Amino acid sequence: RSLRLLGGEKGLFDIPEIALTPAGQSRRVVAMDGLLLLGFGPRTGSAIEQLAKRLHPGITLRAETQ
366 RSLRLLGGEK GLFDIPEIAL TPAGQSRRVV AMDGLLLLGF GPRTGSAIEQ
416 LAKRLHPGIT LRAETQ
């Protein structure tokens, strides 16, 4: 929702402070449900797994190999 309020990825990368970061310079962003990432509860493990897979495509997590 917040990314949408900024005007999407273009709006995000138009913010000077964001544009100066490595993510802004390479125009790469991972958008996820903010509440999923901020809360600590039963979905925390799933949130970590989703983020890891988005940041590192092709990653094999230990739980997947057992």
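Those letters in the sequence shown? Residues 366 to 431, per this note's numbering, in order.
Glycine included, each C-beta is placed from N, C-alpha and C at the ideal position.
Note that this is a predicted model, so its numbers are computed, not measured.
Worksheet item: In whole angstroms, what separates the C-alpha of Q415 from that of L426?
Response: 11 Å
Discussion item. Check for me: the alpha helix (DSSP H) holding L369 runs from which residue to which?
Written reply: Correcting the residue type first, residue 369 is Arg in the shown sequence and not Leu. R369 -> alpha helix (DSSP H) spans S367 to L370.
Worksheet item: Using a threshold of 6 Å, is the CB atom of D398 nearer than that to any non-hydrogen atom of the ligand SAH?
Response: The ligand SAH is not part of this structure, which contains no ligands at all.
Item to complete: Rounded to whole angstroms, what's the CA-CA distance from P306 to F378? Just pull it up for me.
Response: Limits of the chain in this structure are 366 at one end and 431 at the other, which puts residue 306 out of reach.
Item to complete: Return the Cβ separation of E374 and V394 in integer angstroms, given the expectation that the two are a contact with Cβ distance under 8 Å.
Response: 6 Å
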